[in-house]
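Residue numbers (this note's numbering): 172 to 811.
Heads up, the beta-carbon is just placed ideally off N, CA and C, and yes, glycines get one too.
Working notes, structure below.
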């Protein structure tokens, strides 16, 4: 064949291509993103709106319904899902898989702007968010400081810890959950306020007027202009008490005259407890395409070195996704190496020659290396599906090389033939059959491209991996194997004086060769007897096969099915839902009761961290969606 002739005429070029393949595969391996699953872009956009104090019915009628009507005018919408809760509305807009979400996002924003004026006063600007799987937190840091004011701890988390974590390579954002937000509360006495003729709007306007940064012009010095700002922000209770509301008969009326001012906290929308104690968690999300393992490693290295933390503040990573990714990849890698070792052992048994083992076996790493390079250039990631594809393909990768190698050995046994002629004749003889065999195997995975939805996003990378590896194995068998045969093998002469190196190897290899020959002879004899018996009873054999096929089709109905098999990730979550209108404090107490039940069933020594999260989740990526929802997250010690 053309490939074989070109290869044996340019062995140096073939060697350089092999070296380049190995080098490029190492570069690709270091740059391939590592993830648990392939990249999946969910075709959904969420429109979230806040309407404080409104009942679910009012939210649905005045906010959710108008937004739904506006979304029906967006091109390509397949489905609308909406949820109206006390004080909040969420509308999910679903599109076809593969839709351009950037264009869809622009259309959604434009349609929302058209109805913005028709929404009630007090409704927040609707937030439009594309669902991005990379926004799911890859790690969670627990911040604890026994005895520290919860407001101070929250301020420390948002002002000191969160910015430092967001500067780490590969981190897109960090968001704080739990704690108390410091807030100055002005508790107005309605009777005293009425006596002054003021309203709450007047008090609000006065506070805003005093709590501002006012530009005061500029100061020029030679060629430099200095911008002047007059800071009038309110920093403490005393400053707020001195805010002038109005004057009566030339006497100023202060806030202190009609209200009590306290240094307090905002109403809690979320309560987080870590191992039964009030705490704060900082969830870390990665940038799209970032390597999860590298992000978590950078986070683990950075947490002990964070600056600006007072004495007594401790940080620990309670959860990270890399733990499961490492375990999955390690398991698949172990299985791949085990499969490769068994493959080499089988080759050694049936082709008992060290040069045969080397020539056939070299195709395995080269095929895998080529597949890694192509995965990198096609934008794939290293995940359980691509690694699973490599594992599935391992046994098939050496088939082409074994067929070619065995035929070359047979041709070398012909008297008076040169190595070059034997190699060319052997590859020419089986080349078409090897190509057809590889092509039919690849064709099995062709229907995968017709899958739709999430199944396509998951299984196309696996199919591509197998196709890349199979195509590479064919090229290796048609090029590298003949070149190595030319270099290391010799034609046999009738007197046996010029046999292949290693054919007459003494010791262990000779015993393996003799044992292999006897085994193959017995297998041939047994197969011949079985074939003769089957041919004599053709109707019985065909009838048995038909019955087994029909029975297997019937039994398929009783086999369970699921999207993903059950896995032990050493963690579980319990969702708590209270009736609508339940306060976050009551919901948190219910979650704590669930946590106590868990501790009655599971020993505390088997739990690494247990967190309860009641109320609206921080960052918008949690499972809680209101004050009546809570989650109990239990992380167990990983099995050894």
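- Residue 743 is positioned such that its CB atom lies no closer than 8 Å to that of residue 632.
- A buried status is given to residue 260, since no fewer than 16 other beta-carbon atoms sit within 10 Å of its beta-carbon.
- Less than 8 Å divides the Cβ of residue 649 from the Cβ of residue 602.
- Cβ-Cβ distances below 8 Å link residue 364 to 370, 371, 374, 429, 430 in the same chain, with the five nearest sequence neighbours on each side left out; the list follows chain order.
- Here residue 518 has 527, 528, 531, 532, 569, 573 as same chain residues with Cβ atoms under 8 Å from its own Cβ, once five neighbours each way along the sequence are excluded.
- The Cβ-Cβ distance between residue 507 and residue 562 falls below 8 Å.
- From the listed residues 307, 238, 311, the smallest Cα separation to residue 443 is found for 311.
- Non-local C-beta neighbours of residue 333 in its own chain, meaning closer than 7 Å and more than five positions away in sequence, comprise 345, 347, 453, ordered along the chain.
- Annotation: the continuous alpha helix (DSSP H) that includes residue 627 extends over 624-659.
- In the DSSP secondary-structure assignment, residue 423 is bridged to 418.
- The alpha-carbon separation between residue 525 and residue 515 amounts to approximately 11 Å.
- One thing to note: residue 193 has its Cβ no nearer than 8 Å to the Cβ of residue 591.
- Shown here for residue 308: same chain residues with a beta carbon closer than 7 Å to its own, the five before and five after excluded, namely 454, 455, 456, 792 in chain order.
- Within the DSSP bridge table, the entry for residue 448 names 445 as partners.
- A distance of 8 Å or more separates the beta carbons of residue 575 and residue 205.
- Counting along the chain, no beta strand (DSSP E) covers residue 559; the unbroken alpha helix (DSSP H) around it starts and ends at 555-568.
- Per DSSP, the continuous alpha helix (DSSP H) segment holding residue 372 begins and ends at 371-381.
- A Cβ-Cβ contact shorter than 8 Å links residue 216 with residue 300.
- Taking a 10 Å sphere around the C-beta of residue 209, we find 16 or more other C-beta atoms and assign the residue as buried.
- One thing to note: residue 350 has its Cβ no nearer than 8 Å to the Cβ of residue 766.
- For residue 397, the secondary structure class from DSSP, reduced to helix, strand or coil, is strand.
- For residue 264, the secondary structure class from DSSP, reduced to helix, strand or coil, is strand.
- Per DSSP, the continuous beta strand (DSSP E) segment holding residue 778 begins and ends at 778-786.
- Fewer than three pairs of CB atoms, one per stretch, sit closer than 8 Å, so the region 335-343 makes no contact with the region 352-361.
- Contact between residue 257 and residue 797 holds: CB atoms are separated by about 7 Å, below the 8 Å threshold.
- The Cβ atoms of residue 612 and residue 653 lie no closer than 8 Å to each other.
- The continuous beta strand (DSSP E) containing residue 807 extends over residues 800-807.
- In the DSSP assignment, residue 220 forms a beta bridge with 260.
- In this structure, residue 803 lies away from residue 755, with their beta-carbon atoms at least 8 Å apart.
- For residue 190, the enclosing alpha helix (DSSP H) begins and ends at 182-202.
- Contact annotation: residue 730 and residue 777 have beta-carbon atoms that are not nearer than 8 Å.
- Between residue 605 and residue 645, the CB-CB gap stays under 8 Å.
- Straight-line measurement puts the Cα of residue 427 at about 35 Å from the Cα of residue 389.
- Among the bridge pairs identified by DSSP, residue 391 is matched with 396.
- Distance between residue 709 and residue 723, taken at the CA atoms: about 21 Å.
- Excluding the 5 residues flanking it on each side, residue 753 has same chain C-beta neighbours closer than 7 Å at 798, 799, in chain order.
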